[in-house]
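**Student:**
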Amino acid sequence: VKDPVPILEYTQTLQTGLEKVSDLAAQNQNLKEILDELAHVKSQELTVKQLRDKIKDLEKKTEVIIQ
436 VKDPVPILEY
446 TQTLQTGLEK
456 VSDLAAQNQN
466 LKEILDELAH
476 VKSQELTVKQ
486 LRDKIKDLEK
496 KTEVIIQ
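Read in my numbering, the sequence shown has 497 at position 62, and its numbers run on one by one without any break.
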């Protein structure tokens, strides 16, 4: 009967590597979700800026009409 210890140690090393890969995949997914959320927030910021600029323009036009 061969000594099973080297194979068991190798298997344990593989399992540890797989756990690390799994953890990295989960972290990667989390980062993708954060990036998607950030892109959405940036888009909203741009929309808010555009709307504020439009409000300023309309306020200026209103002031000109009133005078």
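Yeah, the Cβ is synthetic: ideal placement off N, Cα and C, and Gly gets one too.
Please report the distance separating the alpha-carbon of Gln-450 from that of Val-476.
**Tutor:** Residue mapping note: residue 450 aligns to position 15 of the sequence shown, counting from 1. Residue mapping note: residue 476 aligns to position 41 of the sequence shown, counting from 1. The straight-line gap from Cα to Cα measures roughly 39 Å.
**Student:** Hey, how far is the Cα of Val-483 from the Cα of Gln-464?
**Tutor:** What you label residue 483 is simply residue 48 of the sequence shown in a count that begins at 1. What you label residue 464 is simply residue 29 of the sequence shown in a count that begins at 1. Distance between the alpha carbons of Val-483 and Gln-464: 29 Å.
**Student:** Apart from the five residues on each side of it in sequence, which residues of its chain come closer than 8 Å, Cβ to Cβ, to Glu-390?
**Tutor:** Lying outside 436 to 502, the shown extent of the chain, residue 390 is not represented and no answer is given.
**Student:** My output table needs one value for Lys-484: the three-state DSSP class, helix, strand or coil.
**Tutor:** Counting from 1 along the sequence shown, the entry for residue 484 is found at position 49. Three-state DSSP puts Lys-484 in a helix.
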